[in-house]
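If you read the sequences in order, they're chains S and L. Residues 1 to 214 (the working numbering) make up the first sequence, in order. Residues 1001 to 1214 (the working numbering) make up the second sequence, in order. Even glycine gets a Cβ: it sits at the ideal position worked out from N, Cα and C. Since we're looking at a predicted model, the values are computed, not measured. Notes for the one structure printed next.
2 protein chains.
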Amino acid sequence: MTKQLTFKNLPHKTIERLSQYRRALLLCLSNGKTHIFSHEIAKIQHITSVQVRRDLMLIGYSGTLRKGYNIEELINLIGNIIDSEEGINVAIVGMGNLGRALINYFTGKRHKLEIVAGFDTNPDKIGNRFSGVECYSITELNKIIKQKDIKVGIITVPADQTTETAKTLVKAGIKGILNYTPKPIDVPDDVYLEEYDMITTLEKVAFYVKMSDE
Amino acid sequence: MTKQLTFKNLPHKTIERLSQYRRALLLCLSNGKTHIFSHEIAKIQHITSVQVRRDLMLIGYSGTLRKGYNIEELINLIGNIIDSEEGINVAIVGMGNLGRALINYFTGKRHKLEIVAGFDTNPDKIGNRFSGVECYSITELNKIIKQKDIKVGIITVPADQTTETAKTLVKAGIKGILNYTPKPIDVPDDVYLEEYDMITTLEKVAFYVKMSDE
DNA sequence: TTTGCACTGTTATAAATTTAACAACCATAA
DNA sequence: TTATGGTTGTTAAATTTATAACAGTGCAAA
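Quick look at the structure:
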């Protein structure tokens, strides 16, 4: 009869929104705000206040009537849910523009989630650091992944190297893969896979723009 | 009683999958294949064959029993649905790593969808070409958008410039925006907006990796 | 022929997700 | 004191999306 103690069955979309709420809340906090209403969060995220309240209900957080939610408390709670206590190490395979862009985005922002290695085949890149992240040869991938206890791999290699890269990562014992190439990959069931295809998204935007014309 | 002639109410997810089917089909075609079964498409995309058949039903395409779908025909049909006949011009605002990565991805691949301009504030970039795309000063944005009839804008600027960039694009009359910064933006109802946040996705992967441990 | 099989196309059902509806609460003002 | 208004938390309904079930079809083998 007690509240759930694990968060294993939170809806996927709720997990995504929690991450977004946290980012928005951190910004509010840095602006000196201490409390926030559900409709304020909703406005920022382009969703309804009901959805916000429902998500917070699912994680068992209660606000104060007419005062809203305590921003700091909520940030901490979301952290307890989505972060791993001991932190998770991440590697980027493919240090081209996209790989380096991702490193810039992340570096120094999420202390519980750190990019600790980059990999590439280009000898000019190997040995260098990009925003503080060292680039290794892909031939060392297996070794480094184990050495640094890397659990998540981001694939940003050219499309034709995607399949091979994924295999290498899986063989090295990676637990989660985020594939940014347009080529879908196959992974064993025990590896969590998320794929995002920028071309698809742009084509979708173009489609709805076209539709609005007709 | 006739079949639908417009595709305005295709599910959003179907639109996304159509784009992905096409990409997979183009690859198959270049490998010399002429026909494909629903379960083959499904395997590539990590979905079920039912879903594939359902999507194709929605767009009114019929395959041949025991022979599958004609790849070339299907590619053309998908093109008729999601592409705009006269093509759509796209601009990228923010020619950092991410912007340049996107240009590399797209250039020369989608003839009905072309990146025709980049914008930045950095004087070192302005006037240069990146993978054939010229970089203009952001002060010229309004002029160039109209001159080149650009309908879609991709935002890849640093987070703190996001809001301003979005405003500028909207004011210039853009019809669709794809926002890759972690900062949500507001746009009028007649502008189609798609936001994608790389940090959220990585945090999601990390969450499910953490969960699989517990 | 006939039977079985491997597909497609479609309708029916289920699952996931969002939205609506509303009771409960309490600060404030009349 | 009593009403008003704004906000939370929760249950119910609607919508969207995915899955299952199955009829229909025609090739291939017996």
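Out of curiosity, what's the CA-to-CA distance linking residue 67(S) and residue 1112(L)? Residue numbering aside, residue 67(S) sits at position 67 when the first sequence is read from its first letter. Residue numbering aside, residue 1112(L) sits at position 112 when the second sequence is read from its first letter. Using only the alpha carbons, I get a separation of about 51 Å.
When the Cα atoms are used, what is the spatial distance from residue 174(S) to residue 1145(L)? For the purposes of this step, residue 174(S) is taken as residue 174 along the first sequence, with counting starting at 1. For the purposes of this step, residue 1145(L) is taken as residue 145 along the second sequence, with counting starting at 1. Rounded to the nearest angstrom, the two C-alpha atoms are 44 Å apart.
Would you mind reading off the limits of the alpha helix (DSSP H) that contains residue 43(S)? Along the first sequence, one-based indexing puts residue 43(S) at 43. In the DSSP assignment, residue 43(S) falls within the unbroken alpha helix (DSSP H) covering 38–45.
Starting from residue 28(S), follow its DSSP beta bridges and name the residues at the other end. Along the first sequence, one-based indexing puts residue 28(S) at 28. Beta-bridge partners assigned by DSSP to residue 28(S): none are found.
Does any C-beta atom of chain L lie closer than 9 Å to the C-beta of residue 20(S)? Position 20 of the first sequence, counted from the start, is the residue given in the question as residue 20(S). Nearest CB-CB separation between residue 20(S) and chain L: below the 9 Å threshold.
Coarse secondary structure for residue 1064(L), derived from DSSP in three states: If you number the second sequence from 1, residue 1064(L) lands on position 64. Note: residue 1064(L) maps to strand in three-state DSSP.
Give the single residue among 1206(L), 1213(L), 1214(L) and 1212(L) whose Cα lies nearest to the Cα of residue 83(S). For this step, residue 83(S) is matched to residue 83 along the first sequence. Looking at the Cα atoms, 1206(L) is the closest of the given residues.
Can you tell me which of the three DSSP states residue 90(S) falls into? Numbered from its first residue, the first sequence carries residue 90(S) at position 90. Three-state result, residue 90(S): strand.
Which one of 1192(L), 1214(L) and 1184(L) has the shortest CA to CA distance from residue 42(S)? Translated into positions along the first sequence, residue 42(S) becomes position 42. Check the Cα spacing between residue 42(S) and each of 1192(L), 1214(L) and 1184(L): the tightest is with 1184(L).
Quick one: Cα of residue 123(S) to Cα of residue 75(S), how far? Your numbering for residue 123(S) matches position 123 in the first sequence. Your numbering for residue 75(S) matches position 75 in the first sequence. Between the alpha carbons of residue 123(S) and residue 75(S) lies a distance of about 42 Å.
With DSSP as the reference, please indicate the residues paired to residue 134(S) in a beta bridge. Translated into positions along the first sequence, residue 134(S) becomes position 134. Answer is 129(S), bridged to residue 134(S).
Check whether the segment 1185–1200 of chain L and the segment 101–120 of chain S touch, using three or more Cβ-Cβ pairs below 8 Å as the test. Contact annotation: the segment 1185–1200 of chain L touches the segment 101–120 of chain S, with at least three C-beta pairs closer than 8 Å.
Residues from the segment 1079–1097 of chain L in contact with chain S, defined by Cβ distance under 9 Å: Hits within the stretch, in order: 1081, 1082, 1083, 1084, 1085, 1088, 1090, 1096 and 1097.
Could you tell me the distance, in whole angstroms, from the CA atom of residue 272(S) to the CA atom of residue 127(S)? Residue 272(S) falls outside the range modelled here, since chain S spans only 1 to 214, and no answer is possible.
Does residue 1116(L) come out as helix, strand or coil in the three-state DSSP assignment? Taking the second sequence and counting its residues from 1, one reaches residue 1116(L) at position 116. In the structure shown, residue 1116(L) sits in a strand (DSSP, three-state: E or B).
Using Cβ-Cβ distances below 7 Å, what residues of the segment 29–51 of chain S are close to chain L? Those residues of the segment 29–51 of chain S that come within reach of chain L (Cβ to Cβ, closer than 7 Å) are 44, 45 and 46.
Quick one: what does DSSP say residue 12(S) is sitting in, helix, strand or coil? On the first sequence, residue 12(S) is found 12 positions in, with the first residue counted as 1. Residue state, collapsed to three classes: helix.
Counted within 10 angstroms of its Cβ, other Cβ atoms place residue 176(S) as buried (16 or more) or exposed: Here residue 176(S) refers to the residue found at position 176 of the first sequence. Around the Cβ of residue 176(S), a 10 Å sphere holds 16 or more other Cβ atoms; the residue is buried.
Just to confirm, is the Cβ distance from residue 1230(L) to residue 73(S) under 9 Å? With chain L represented from 1001 up to 1214, any question about residue 1230(L) goes unanswered, as that position is not in the structure.
Residue 1142(L) in three-state terms, based on DSSP: For the purposes of this step, residue 1142(L) is taken as the residue at position 142 of the second sequence. DSSP places residue 1142(L) in the helix class (H, G or I) of the three-state scheme.
For residue 207(S), would you say it is in contact with chain L, using Cβ-to-Cβ distances shorter than 9 Å as the test? Numbered from its first residue, the first sequence carries residue 207(S) at position 207. So, interface residue.
Assuming the contact rule is C-beta atoms closer than 8 Å, residue 1061(L) and residue 1036(L) should be a hit. Round their C-beta distance to whole Å, please. Locating residue 1061(L) in the second sequence gives position 61, counting from the first residue. Locating residue 1036(L) in the second sequence gives position 36, counting from the first residue. Not a contact, Cβ separation roughly 12 Å.
Residue 1035(L) - partner residues in DSSP beta bridges: As a working mapping, residue 1035(L) is identified with position 35 in the second sequence. Partner(s): 1070(L).
Residue 1085(L) classed as buried or exposed, judged by whether at least 16 other C-beta atoms fall within 10 angstroms: The residue you call residue 1085(L) lines up with position 85 of the second sequence. Exposed is the call here.
Residue 203(S) versus residue 1143(L) - alpha carbon distance: Numbered from its first residue, the first sequence carries residue 203(S) at position 203. Numbered from its first residue, the second sequence carries residue 1143(L) at position 143. Straight-line Cα distance between these residues: approximately 25 Å.
Using the rule of at least 16 other Cβ atoms within 10 Å of the residue's Cβ for burial, across every protein chain shown, is residue 1165(L) buried or exposed? Within the second sequence, residue 1165(L) is the residue found at index 165, counting from 1. A residue is called buried when at least 16 other Cβ atoms come within 10 angstroms of its Cβ; residue 1165(L) meets this threshold and is buried.
In whole angstroms, what is the alpha-carbon distance linking residue 1103(L) and residue 64(S)? Locating residue 1103(L) in the second sequence gives position 103, where the first residue counts as 1. Locating residue 64(S) in the first sequence gives position 64, where the first residue counts as 1. Rounded to the nearest angstrom, the two C-alpha atoms are 48 Å apart.
Per-residue DSSP class, three states only, for residue 212(S): Against the first sequence, residue 212(S) aligns to sequence position 212. Correct three-state label for residue 212(S): helix.
Drop a sphere of 10 angstroms on the beta-carbon of residue 1095(L), count the other beta-carbons inside from all chains shown, and report buried for 16 or more, exposed for fewer. One-based indexing of the second sequence puts residue 1095(L) at position 95. Around the beta carbon of residue 1095(L), a 10 Å sphere encloses 16 or more other beta carbons of the protein chains shown; the residue is thus reported as buried.
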